[in-house]
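S.K.: Sequences listed follow chains A and B, in order.
If you're matching positions, the first sequence starts at 1 in the working numbering and goes up one per residue.
If you're matching positions, the second sequence starts at 1001 in the working numbering and goes up one per residue.
Please find one structure pasted underneath; my questions will follow.
Number of protein chains: 2
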Amino acid sequence: MNRTLAPGANLTALRDHNAALVLGLLRDAGPDGASRAELADRTGLTPQAVSKITGRLRVAGLAAEAGRRASTGGKPATALRLLPEAAHAIGVHLERDALTVTLVDLSGAEAATRTSPLDLGAGAEAVLDAVAAEVARVRAEAGGSLLGVLGAGVALPGPLDHRTGVLQRVTGMPRWDGFPLRDAFAERLGMPVVVDKDTNAAALGLVLRGCVGAAGSFAYLHLGTGLGAGLVLGGEVHRGARTGAGEFGHQVLQLDGPPCRCGNRGCIEVLCLDAVARGDTAEAARLLGTGAANLVRLLDIDLVLLGGGVLLNASGAYAAGVRDVLGGAPPVAVVPAGERTVVEGAAELVLASLFGRGGRDRHRALEQAGLAAPSGLTAPSPGTSRP
Amino acid sequence: MNRTLAPGANLTALRDHNAALVLGLLRDAGPDGASRAELADRTGLTPQAVSKITGRLRVAGLAAEAGRRASTGGKPATALRLLPEAAHAIGVHLERDALTVTLVDLSGAEAATRTSPLDLGAGAEAVLDAVAAEVARVRAEAGGSLLGVLGAGVALPGPLDHRTGVLQRVTGMPRWDGFPLRDAFAERLGMPVVVDKDTNAAALGLVLRGCVGAAGSFAYLHLGTGLGAGLVLGGEVHRGARTGAGEFGHQVLQLDGPPCRCGNRGCIEVLCLDAVARGDTAEAARLLGTGAANLVRLLDIDLVLLGGGVLLNASGAYAAGVRDVLGGAPPVAVVPAGERTVVEGAAELVLASLFGRGGRDRHRALEQAGLAAPSGLTAPSPGTSRP
DNA sequence: CCACTTTGGCAACGCTGTTGCGAAACCGCA
DNA sequence: TGCGGTTTCGCAACAGCGTTGCCAAAGTGG
């Protein structure tokens, strides 16, 4: 077992953990906010600890008081809410023929978004130029404010390595093989960059945006030019050893089926895309449902989200068809996801570490957002709201 | 998302986390032990912190100094090792027709094991009697020492709920439906009890016993009377929403295949067991490999362990057959597991919380093992080894 | 023999969440 | 209107965590 994955914890880690936890709850609470007592309940911390933590958040400009709640028999609670404009993140979605860039605030709300054509096969320099230009335009559109952009998340089809940010043999585009995308983008954009597979980014975004309700685990199935999946297990995106998890499309469903470009026979992708090409949506949905059922049984999840161009064009039919195969027991919800899951998720790659959702460097993210100043200076008291 | 799954952390949680981490490293180090400096390196804690933690472990009787290492140019390191006999755990494996009970020490080494026939369908009282009797005999065999038995882990086929310890419709044995196994066992045996599915217990045991090397994720495939799997993802057993994860056997591999008792067609279990019944080991291995390949691609794991009676009877042939289907890239290791993985894993269900491997109540476990005395009394200095 | 390296303990320290206590603000009832 | 009860929340003192600074011990190598 890899012990380096479970490091020792010190007081800094403890503080950052709790701060991220509270920030996440505040984000989930939305503009109405949450009271300190409520936060204490949800976290298991004492009210005093929550007061100290929210005090730090207020000093850092990440949270503020937001009016009073109705009393429940005693002193009315003062709501605390996230200040979404305290920081922003950029999401970049690279497709074979298109580039989408978005700028979102801490709550995930979109400040500006642009889509433009792209030739991903044109090579690194051309793509870097295009992305840098679009990022600049999006920032200008959003008001030109250069304040508080925490970083950029980049989502693309893969295969790639999330930890190092290095691309592998992108199908049909050998020029990208071995390209250190993260470092190149970070240098060019002048900000921290996180790279992930498109389906993983989408799945992460769905978690952070509260689109999955109370489900701790779910699968996001994406049917576009290919068929892939993003897996969230126990609240965390499961990427596997080589960021290769989610290879849903090359699941063998028919041992003696038609050959696939991957070398096997009867992959669900081939069967499904054939049905789509024939216009047989019902059969495509049935195949998708069979694959989803395999996945649901293997991982015991109770939510399946559907996305990608093909599925969204007939989301009702696909959802119904998949639901039909899955049956009712155990009860699995099948829901179509939004239109821009991937680019929104790309931006969330940056925000995840702030909100205790398994980002790669929570401490740096919190520091960058104004918490935990590197110099050992203690922040002054925020001053409480008194008459 | 379920925020109750990510609670706030206080100083107690921090101390317990680090203590469990160090205990886990000491267990992995085996009888040769590990030096404080080495522990500091692996945990990322400062040497001083490690000294304090190991001091507490020594006071609690869980660790001791174990001689000197060769010098590397300075003062030679003093090795610290786990004292395995400081505590014990009981593992119970319930099968349809057999009962196995084992008593292991902290290192997982077996002190005594007994197997006896059992009629699982005979109902709760008869089974409780049998288990209690066997547990008493095993304790007697192990020397009669009643000291330091932390609890019992119970592994059985399921379906069941790990968190509550309640059984669901055990296939073919309706009398067990809804039976609160954990609480009934806990009362009868007079000790804490953890219940889990047999394949999950086996997978957990393989992690804790260091049988999986540096792999953070792997699948344990078990082919006995049925076909199931235990999944470890990112170092943690993945149980899913209802402890139902690992339903490998009812993965559809042949859309128009023979009907299965689960209602679908072409489940891998039916296909595979048919091949086994025909004596066609090569075909069974090929089918198993195809299912394993689906799983490996979906989860991006690089280790598959094989267990269960059928597989172990011809482990070489099965491993080779599975390896053949999986191919070499990405490199997936296929290895047969040991004979008693389930009952050993059942005992590890109890030990897991001590060693920072995701047990359900680490604090209680550490307290029970002699650490973190409930009264606020600080433990005295352990006294260092001086001439 | 002496410089150097490495291990590891002691004491003081900074920072964490916790506890004890009290003020503020509201409800409900007399 | 007055008073007790309830709930929220801050201040101050506190215990306990890992960290830092310093030093002793015990080897190696010139």
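Here a beta-carbon is modelled for each residue, glycine too, at the ideal position from N, C-alpha and C.
Quick check: does the Cβ of B/P1259 come within less than 6 angstroms of any heavy atom belonging to the ligand GDP?
M.R.: Ligands are entirely absent from the displayed structure, and the ligand GDP is therefore not among its contents.
S.K.: Using a Cβ-Cβ distance cut-off of 7 angstroms, determine whether B/A1319 contacts chain A.
M.R.: Taking the first residue of the second sequence as 1, we reach residue 1319 of chain B at position 319. By this cut-off, B/A1319 is not an interface position.
S.K.: Tell me the residue span of the beta strand (DSSP E) that contains A/V138.
M.R.: Here residue 138 of chain A corresponds to residue number 138 of the first sequence, with the count starting at 1. A/V138 -> not in any beta strand (DSSP E); alpha helix (DSSP H) instead, spanning A124 to E141.
S.K.: Which stretch, first to last residue, makes up the beta strand (DSSP E) that contains B/R1114?
M.R.: Position 114 of the second sequence holds residue 1114 of chain B. Unbroken beta strand (DSSP E) run through B/R1114: E1110 to P1117.
S.K.: Since A/P7 meets chain B, which of its residues come closer than 7 angstroms, beta carbon to beta carbon?
M.R.: In the first sequence, counting from the first residue as 1, residue 7 of chain A sits at position 7. Within 7 angstroms Cβ-Cβ: T1043 and G1044.
S.K.: Do you know how far the Cα of A/N264 is from the Cα of A/L5?
M.R.: Here the question's residue 5 of chain A lines up with position 5 in the first sequence. Here the question's residue 264 of chain A lines up with position 264 in the first sequence. Any reading at A/L5 must be qualified, since the residue scores a pLDDT of 40, below 50, and its modelled position is unreliable; the value itself is stated next. Going by the C-alpha atoms only, they are around 35 angstroms apart.
S.K.: Could you give the distance in angstroms between the alpha-carbon of B/V1350 and the alpha-carbon of B/F1179?
M.R.: Position 350 of the second sequence holds residue 1350 of chain B. Position 179 of the second sequence holds residue 1179 of chain B. Their Cα atoms are separated by approximately 21 angstroms.
S.K.: Going by C-alpha to C-alpha distance, which of B/D1302, B/H1238, B/T1341 and B/P1031 sits closest to B/L1106?
M.R.: Counting from 1 along the second sequence, the entry for residue 1106 of chain B is found at position 106. Nearest option by C-alpha distance: B/P1031.
S.K.: Looking only at its own chain, which residues have a Cβ that is under 7 angstroms from the Cβ of B/P1007, when we skip the five neighbours before and after it?
M.R.: Within the second sequence, residue 1007 of chain B is the residue found at index 7, counting from 1. Once the five neighbours on either side are set aside, B/P1007 has no close Cβ partner at all.
S.K.: Rounded to whole angstroms, what is the Cα-Cα separation between B/L1371 and B/R1114?
M.R.: Counted from its first residue, the second sequence places residue 1371 of chain B at position 371. Counted from its first residue, the second sequence places residue 1114 of chain B at position 114. Near 31 angstroms, if we compare the C-alpha coordinates of B/R1114 and B/L1371.
S.K.: Among A/V149, A/A136, A/V252 and A/G172, which one has its Cα closest to the Cα of A/G123?
M.R.: In the first sequence, counting from the first residue as 1, residue 123 of chain A sits at position 123. Nearest C-alpha to A/G123: A/G172.
S.K.: Can you give the beta carbon distance from B/G1257 to B/V1270, rounded, assuming they're within the 8 angstroms contact cut?
M.R.: Numbered from its first residue, the second sequence carries residue 1257 of chain B at position 257. Numbered from its first residue, the second sequence carries residue 1270 of chain B at position 270. Rounded, the Cβ-Cβ distance is 7 angstroms, consistent with contact.
S.K.: Report yes or no: do three or more beta-carbon pairs, one from the region 140-159 of chain A and one from the region 188-196 of chain A, lie closer than 8 angstroms?
M.R.: The region 140-159 of chain A is in contact with the region 188-196 of chain A.
S.K.: Residues of chain B with CB under 8 angstroms from A/V252, in chain order?
M.R.: Here residue 252 of chain A refers to the residue found at position 252 of the first sequence. Within chain B, the residues near A/V252 are L1253, T1290, A1293 and N1294.
S.K.: Taking only three categories from DSSP, how would you classify A/E348?
M.R.: As a position in the first sequence, residue 348 of chain A is number 348, starting the count at 1. Three-state result, A/E348: helix.
S.K.: May I have the straight-line CA-CA distance separating A/T225 from B/D1280, to the nearest angstrom?
M.R.: Taking the first residue of the first sequence as position 1, residue 225 of chain A is located at position 225. Taking the first residue of the second sequence as position 1, residue 1280 of chain B is located at position 280. Cα to Cα, the separation comes out at about 39 angstroms.
S.K.: Taking the straight line between their C-alpha atoms, what separation do you get for B/A1245 and B/H1162?
M.R.: Residue mapping note: residue 1245 of chain B aligns to position 245 of the second sequence, counting from 1. Residue mapping note: residue 1162 of chain B aligns to position 162 of the second sequence, counting from 1. Cα to Cα, the separation comes out at about 11 angstroms.
S.K.: Using the three-state DSSP reduction, which class does A/G396 fall into: helix, strand or coil?
M.R.: With chain A covering only 1 through 387, there is no way to say anything about residue 396 of chain A.
S.K.: Specify the secondary structure class of B/V1332 as computed by DSSP and reduced to three states.
M.R.: In the second sequence, counting from the first residue as 1, residue 1332 of chain B sits at position 332. In this structure, B/V1332 counts as coil in the three-state DSSP scheme.
S.K.: Suppose you measure from the CA of B/H1017 to the CA of B/G1345; what does that come to, to the nearest Å?
M.R.: In the second sequence, the residue the question calls residue 1017 of chain B occupies position 17. In the second sequence, the residue the question calls residue 1345 of chain B occupies position 345. In a straight line, the C-alpha of B/H1017 is about 22 angstroms away from that of B/G1345.
S.K.: Using three-state DSSP, classify A/P47 as helix, strand or coil.
M.R.: The residue given as residue 47 of chain A occupies position 47 in the first sequence. Looking at A/P47 - three-state DSSP - the assignment turns out to be helix.
S.K.: Any beta-carbon of chain A closer than 7 angstroms to the one on B/H1088?
M.R.: In the second sequence, residue 1088 of chain B corresponds to position 88, counting from 1. Taking Cβ atoms only, chain A never reaches closer than 7 angstroms to B/H1088, which makes this a no.
S.K.: Using only the alpha-carbon positions, how far apart do B/R1036 and B/P1047 sit?
M.R.: Mapped onto the second sequence, residue 1036 of chain B falls at position 36. Mapped onto the second sequence, residue 1047 of chain B falls at position 47. Rounded to the nearest angstrom, the two C-alpha atoms are 7 angstroms apart.
S.K.: Could one say the Cβ of A/L21 lies closer than 7 angstroms to chain B's Cβ atoms, at least one of them?
M.R.: Within the first sequence, residue 21 of chain A is the residue found at index 21, counting from 1. Yes, because at least one Cβ of chain B sits closer than 7 angstroms to the Cβ of A/L21.
S.K.: B/R1245 touches chain A at which residues, Cβ-Cβ below 8 angstroms?
M.R.: The residue given as residue 1245 of chain B occupies position 245 in the second sequence. For the record, residue 1245 of chain B in the displayed sequence is Ala; it is not Arg. Within 8 angstroms Cβ-Cβ: L298, L299 and D300.
S.K.: Can you find a CB in chain A that lies within less than 7 angstroms of the CB of B/F1238?
M.R.: For the purposes of this step, residue 1238 of chain B is taken as residue 238 along the second sequence, with counting starting at 1. The question names Phe, but residue 1238 of chain B in the sequence shown is His. With 7 angstroms as the cut-off, B/H1238 counts as an interface residue toward chain A.
S.K.: Counting only the same chain and skipping the five closest in sequence on each side, list residues whose C-beta sits under 7 angstroms from that of A/R323.
M.R.: Counting from 1 along the first sequence, the entry for residue 323 of chain A is found at position 323. Taken in chain order, the residues that qualify are V334.
S.K.: On the premise that A/D302 lies in contact with A/P259, defined as a C-beta separation below 8 angstroms, what is that separation, rounded to the nearest angstrom?
M.R.: The count along the first sequence starts at 1 and reaches residue 259 of chain A at position 259. The count along the first sequence starts at 1 and reaches residue 302 of chain A at position 302. A/P259 to A/D302, Cβ: 35 angstroms. No contact.
S.K.: Under the three-state reduction of DSSP, which class applies to A/A87: helix, strand or coil?
M.R.: Counting from 1 along the first sequence, the entry for residue 87 of chain A is found at position 87. Three-state result, A/A87: coil.
S.K.: Taking Cβ positions only, does A/N18 come closer than 7 angstroms to chain B?
M.R.: Within the first sequence, residue 18 of chain A is the residue found at index 18, counting from 1. Yes, its Cβ sits closer than 7 angstroms to a Cβ of chain B.
S.K.: Tell me the DSSP bridge mates of B/G1055?
M.R.: Here the question's residue 1055 of chain B lines up with position 55 in the second sequence. In DSSP, B/G1055 forms no bridge with anything.
S.K.: Please state whether DSSP places A/A9 in a helix, a strand or coil.
M.R.: Within the first sequence, residue 9 of chain A is the residue found at index 9, counting from 1. In the structure shown, A/A9 sits in coil (DSSP, three-state: anything other than H, G, I, E or B).
S.K.: Could you check how far apart the C-beta atoms of B/G1165 and A/S217 are, in whole angstroms? I think they sit under 8 angstroms.
M.R.: Stepping through the second sequence from its first residue, residue 1165 of chain B is reached at position 165. Stepping through the first sequence from its first residue, residue 217 of chain A is reached at position 217. Not quite, the Cβ-Cβ distance comes to about 21 angstroms (not below 8 angstroms), so this is no contact.
S.K.: Please list the partners that B/L1233 has in chain A, where partner means a Cβ-to-Cβ separation under 7 angstroms.
M.R.: Here residue 1233 of chain B is taken as the residue at index 233 of the second sequence, counted from 1. Simply L233 and H238.
S.K.: Run through DSSP, which three-state label would B/R1239 get?
M.R.: Residue mapping note: residue 1239 of chain B aligns to position 239 of the second sequence, counting from 1. B/R1239: coil per DSSP, three-state reduction.
S.K.: Would you mind sorting B/R1297 into buried or exposed? The rule is 16 or more other CB atoms within 10 Å of its CB.
M.R.: Here residue 1297 of chain B refers to the residue found at position 297 of the second sequence. Burial call: buried.
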